[in-house]
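Written below as structure tokens is the structure these notes are about.
Protein chains: 2
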Amino acid sequence: VLIFLNGRLVPEDRAVVSVFDRGFLYGDGLFETLLVRNGKPFRWPQHLDRLRRGAAFLNIKLPFPPRTLLAVAGRLLVRNKTSDAILRLTLSRGPGVRGYSPAGAKRPTLVMSLHPLPLPPAPTARPRGKSAGRKTGGEESLPRWKLITATLRLPANDPLARFKTNNKLAQILARAEAEAARADEALLRDTDGHVVEGAGSNLFWIERGVVCTPPLGAGILPGITRALVLEVSRSLGLKTAERHITLPRLKKTGGIFLSLTSYGTVLARSLDGQTLQPSPLVAAIHRAVWAVIRAETG
Amino acid sequence: VLIFLNGRLVPEDRAVVSVFDRGFLYGDGLFETLLVRNGKPFRWPQHLDRLRRGAAFLNIKLPFPPRTLLAVAGRLLVRNKTSDAILRLTLSRGPGVRGYSPAGAKRPTLVMSLHPLPLPPAPTARPRGKSAGRKTGGEESLPRWKLITATLRLPANDPLARFKTNNKLAQILARAEAEAARADEALLRDTDGHVVEGAGSNLFWIERGVVCTPPLGAGILPGITRALVLEVSRSLGLKTAERHITLPRLKKTGGIFLSLTSYGTVLARSLDGQTLQPSPLVAAIHRAVWAVIRAETG
């Protein structure tokens, strides 16, 4: 496996960074994960745009222009002989002196690596014998996940939430909490009591036919797939709305689903052990999401 | 310079970790910084205890017993021919697969490194010609810092704040904001509007002779020097109290000061450009803090 590290393709055992890289010391960096299908990274400009906005906010200089990075992604795929994968870009502030001050750290670290696509939904949830030719977990059929609510809260209206930073302990602990409860994903509330997002996904629900999701200002990640869900919902003639929601009200709504890069959309079948009311609109949105992904990566 | 990395002393250019180390990917780890004086790490058991509690909370196994780590610290100091330094321990969850789930990451990374002591206060703040024999920045005289209030908020009552995690972007941005304003440190408020701590320090103020500091439950780091300040204040016959405080009220109190490993205590001379009322008690506390440090590392 070859990895792009600061301008060179290196084997995995040589893809290393200094223990004084501020990414390692403090999570001082950003990342992006993209779905690659037929050798094409889906919505590359949108992902790069989020990375660049985050880098500007953190005052980290992107060490390569976006067009170079896109060429590198292509080279990575060719050299690793793969065309369907998850592509991860990691940008850290690079090595620096001890202490929180970012002053003096002038050599950012940029890593690009390929990772396997996630597994498709468990066989019980789909007809057997259909896995040949599948591209990724969500393409074939709508995954159905068990959700829990995480104990940890995110800060309400956090300006940092607009970016995919390398500070992910809350999400890691939330995911671990989900796994300990034999669930697939955890929802996180903010300090105001609003449910804002999943550990690695954006939250949606359907209320009287309206496709709802928390507003971006609420301190959530502006997911690329979140934007796609809103886009296809409107193209299906559905109304969309950005709304705050509390946990008790969320549990009473129907059609809770999540959006994320690797699966597109995922239906929530239960939340904190309570079976949820499904909505037929979710499957329609899921198909529309994958139709766009296929069209743009065909 | 030699660095301890997972059981071996290696030169700095070989002190590297995988780009898939979860410390680098997600800030999935913890650290400690200790003051070393005369070859002795100050309050080692307290620092190790905080690291162990954090590791238990994050479910990361400490790969070496504390007594081994103490021996390593001694060896690091001897091999690097130094006896006065800042010692940093970094513990990350180690390499793992992509994704927030910590499952499967079973080889934690442990790094120990030595760093220079911070500079003493600027010469204008102390008599010239006295720097010979000085040990660290705060030992000789009480530093006087300009403070600002950071824009970013910390989550109120955050359980993660009890540990020194590698998720430090809020602190990094707060420190950068201070430096942009030509200040030395930034105070952070939480989402409830309480001033909770400095980017790299704990907050104190003196109210009618009582030494006050925000309560641990407020989502602050339980600083080792914070505990020392409370301890020496009581031994000086002063009352201490843990109280919430808002920014407007803080600006009206006297004797604002900070506690931190490298300097012991630091007087705040201004906050957001407003000159602060000093308290003679701060210098007394500072002397008492350094008397304990000298006694325990003599």
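Sequence order for the protein chains is A and B. Taking the working numbering, the leading residue of the first sequence gets 1, the next gets one more, and so forth. Taking the working numbering, the leading residue of the second sequence gets 299, the next gets one more, and so forth. Glycine included, C-beta positions come from ideal geometry on N, C-alpha and C.
With a CB to CB cut of under 7 angstroms and the five nearest residues on each side skipped, what residues in its chain are close to Phe555 of chain B? As a position in the second sequence, residue 555 of chain B is number 257, starting the count at 1. The answer, listed in chain order, is Phe502, Thr563, Val564, Leu565, Ala566, Val580.
What separation, rounded to the nearest whole angstrom, lies between the Cα atoms of Glu32 of chain A and Leu51 of chain A? Mapped onto the first sequence, residue 32 of chain A falls at position 32. Mapped onto the first sequence, residue 51 of chain A falls at position 51. Rounded to the nearest angstrom, the two C-alpha atoms are 7 angstroms apart.
Min CB distance His115 of chain A to chain B below 9 angstroms: For the purposes of this step, residue 115 of chain A is taken as the residue at position 115 of the first sequence. Chain B contact via Cβ: present.
Using DSSP with H/G/I as helix, E/B as strand and the rest coil, what is Ile86 of chain A? Taking the first residue of the first sequence as 1, we reach residue 86 of chain A at position 86. Residue state, collapsed to three classes: strand.
Per-residue DSSP class, three states only, for Pro66 of chain A: In the first sequence, counting from the first residue as 1, residue 66 of chain A sits at position 66. Residue state, collapsed to three classes: helix.
Using a beta-carbon distance below 9 angstroms, is Gly23 of chain A in contact with chain B? The residue you call residue 23 of chain A lines up with position 23 of the first sequence. Output row for Gly23 of chain A: interface = yes.
Closer than 8 angstroms by beta-carbon distance: list the chain A residues that pair up with Ile254 of chain B, in chain order. Here chain B has residues from 299 to 596 only, and residue 254 of chain B is not among them.
Identity of the residue in B:Ser577, B:Gly325, B:Asp311 nearest Thr90 of chain A by Cα: Translated into positions along the first sequence, residue 90 of chain A becomes position 90. Nearest of B:Ser577, B:Gly325, B:Asp311 to Thr90 of chain A, Cα basis: B:Gly325.
What residues in its chain sit with their C-beta under 8 angstroms from that of Glu262 of chain B, if we drop five residues either side in the sequence? The structure shown has nothing for residue 262 of chain B, since chain B only spans 299 to 596.
Which value, in whole angstroms, describes the spacing of the CA atoms of Ser101 of chain A and Ala161 of chain A? One-based indexing of the first sequence puts residue 101 of chain A at position 101. One-based indexing of the first sequence puts residue 161 of chain A at position 161. Distance between the alpha carbons of Ser101 of chain A and Ala161 of chain A: 21 angstroms.
In its own chain, which residues sit with a C-beta less than 7 angstroms from the C-beta of Leu303 of chain B, not counting the 5 before and 5 after it? As a first step, residue 303 of chain B is located in the second sequence; it is residue number 5 there, counting from the start. Counting only Cβ-Cβ distances below 7 angstroms, and skipping sequence neighbours, we find Ala313, Val409.
Name the two residues that bound the continuous beta strand (DSSP E) containing Ile554 of chain B. In the second sequence, residue 554 of chain B corresponds to position 256, counting from 1. Segment 552 to 558, the beta strand (DSSP E) holding Ile554 of chain B.
As a quick exercise: from B:Pro520, B:Val508, B:Lys537, pick the residue whose alpha carbon is nearest that of Gly553 of chain B. Counting from 1 along the second sequence, the entry for residue 553 of chain B is found at position 255. It is B:Val508 whose Cα lies nearest to the Cα of Gly553 of chain B.
Quick one: is Arg234 of chain A buried, meaning 16 or more other Cβ sit within 10 Å of its Cβ, or exposed? The sequence position of residue 234 of chain A within the first sequence is 234, counting from 1. Exposed, since its Cβ has fewer than 16 Cβ neighbours within 10 Å.
For the alpha helix (DSSP H) holding Asp49 of chain A, just list the boundary residues, first then last. Along the first sequence, one-based indexing puts residue 49 of chain A at 49. 44 to 58 is the span of the alpha helix (DSSP H), which, as asked, contains Asp49 of chain A.
Mark Asp311 of chain B as exposed unless 16 or more other C-beta atoms lie within 10 angstroms of its C-beta, in which case mark it buried. For the purposes of this step, residue 311 of chain B is taken as the residue at position 13 of the second sequence. Answer is exposed; the Cβ neighbour count stays below 16.
With a 10 Å radius around its C-beta and 16 neighbouring C-beta atoms as the bar for buried, classify Asp272 of chain A as buried or exposed. Locating residue 272 of chain A in the first sequence gives position 272, counting from the first residue. Exposed, by the Cβ-count rule.
Quick one: which residues of the segment 479 to 507 of chain B get their C-beta closer than 9 angstroms to a C-beta of chain A? List them in chain order. Asp488, Thr489, Asp490, Ala497, Gly498
According to the neighbour-count rule (16 or more other Cβ atoms, all chains shown, within 10 Å of its Cβ), is Gln274 of chain A buried or exposed? Against the first sequence, residue 274 of chain A aligns to sequence position 274. Exposed.
Pop quiz: Thr225 of chain A and Leu30 of chain A are said to be a contact at Cβ under 8 angstroms. What is the actual Cβ separation, rounded to whole angstroms? Translated into the one-based positions of the first sequence, residue 225 of chain A becomes position 225. Translated into the one-based positions of the first sequence, residue 30 of chain A becomes position 30. So it is not a contact: roughly 18 angstroms between Cβ atoms.
Tell me the DSSP bridge mates of Asp190 of chain A? By 1-based counting over the first sequence, the position of residue 190 of chain A is 190. Asp190 of chain A pairs with A:Leu154.
Counterpart residues of Lys239 of chain A in DSSP-defined beta bridges: Numbered from its first residue, the first sequence carries residue 239 of chain A at position 239. According to DSSP, which records beta bridges pairwise, Lys239 of chain A is partnered with A:Val210.
Rounded separation between Val308 of chain B and Lys379 of chain B - CA only: If you number the second sequence from 1, residue 308 of chain B lands on position 10. If you number the second sequence from 1, residue 379 of chain B lands on position 81. C-alpha separation (whole angstroms): 15 angstroms.
Which class does Val16 of chain A belong to by DSSP, given the choice of helix, strand or coil? Numbered from its first residue, the first sequence carries residue 16 of chain A at position 16. Reduced to three states, the DSSP call for Val16 of chain A is strand.
Does Gln469 of chain B pass the burial test, meaning 16 or more other C-beta atoms within 10 Å, or should it be called exposed? Numbered from its first residue, the second sequence carries residue 469 of chain B at position 171. Burial call: buried.
Leu48 of chain A versus chain B: which residues are under 7 angstroms apart at the beta carbon? To locate residue 48 of chain A, count along the first sequence from 1; it is residue 48. Here the premise fails: no neighbours, minimum Cβ distance about 19 angstroms.
Check whether chain A comes within 9 angstroms of Asn399 of chain B, counting only Cβ atoms and requiring the distance to be less than that. In the second sequence, residue 399 of chain B corresponds to position 101, counting from 1. With the sequence shown as reference, residue 399 of chain B is identified as Ser, and Asn is not the correct amino acid for it. Closer than 9 angstroms to some Cβ of chain A, the Cβ of Ser399 of chain B qualifies, so yes.
For Leu228 of chain A and chain B, any beta-carbon pair shorter than 9 angstroms? Mapped onto the first sequence, residue 228 of chain A falls at position 228. It does not: the Cβ of Leu228 of chain A has no partner Cβ on chain B nearer than 9 angstroms.
Can you tell me where the alpha helix (DSSP H) holding Phe322 of chain B begins and where it ends? One-based indexing of the second sequence puts residue 322 of chain B at position 24. Note, Phe322 of chain B: alpha helix (DSSP H), 320 to 324.
My guess is that Leu152 of chain A and Leu187 of chain A are in contact by the Cβ rule of under 8 angstroms, so how many angstroms apart are they, rounded? The sequence position of residue 152 of chain A within the first sequence is 152, counting from 1. The sequence position of residue 187 of chain A within the first sequence is 187, counting from 1. The pair is not a contact, with the Cβ atoms about 11 angstroms apart (cut-off 8 angstroms).
Take the Cβ of Arg107 of chain A as the centre, count every other Cβ of all protein chains shown within 10 Å, and call the residue buried at 16 or more, exposed below. As a first step, residue 107 of chain A must be located in the first sequence, where it is residue number 107. Under this definition Arg107 of chain A is an exposed residue.
Buried or exposed: Val530 of chain B, going by 16 or more other Cβ atoms within 10 Å of its Cβ? Here residue 530 of chain B is taken as the residue at index 232 of the second sequence, counted from 1. Buried is the call here.
First and last residue of the uninterrupted alpha helix (DSSP H) at Val580 of chain B: As a first step, residue 580 of chain B must be located in the second sequence, where it is residue number 282. From DSSP, the alpha helix (DSSP H) with Val580 of chain B extends over 578 to 594.
Using only CA atoms, which one of B:Thr559, B:Pro512, B:Pro520, B:Arg480 lies nearest to His542 of chain B? Counted from its first residue, the second sequence places residue 542 of chain B at position 244. With distances taken between Cα atoms, His542 of chain B lies closest to B:Pro512.
What does DSSP give as the partner residue(s) for Thr445 of chain B in the beta ladder? Here residue 445 of chain B corresponds to residue number 147 of the second sequence, with the count starting at 1. According to the sequence displayed, residue 445 of chain B carries Leu and not Thr. Beta-bridge pairing links Leu445 of chain B to B:Glu483, B:Leu569.
How long is the line joining the alpha carbons of Val78 of chain A and Gly321 of chain B, rounded to whole angstroms? In the first sequence, counting from the first residue as 1, residue 78 of chain A sits at position 78. In the second sequence, counting from the first residue as 1, residue 321 of chain B sits at position 23. The alpha-carbon atoms of Val78 of chain A and Gly321 of chain B are separated by roughly 29 angstroms.
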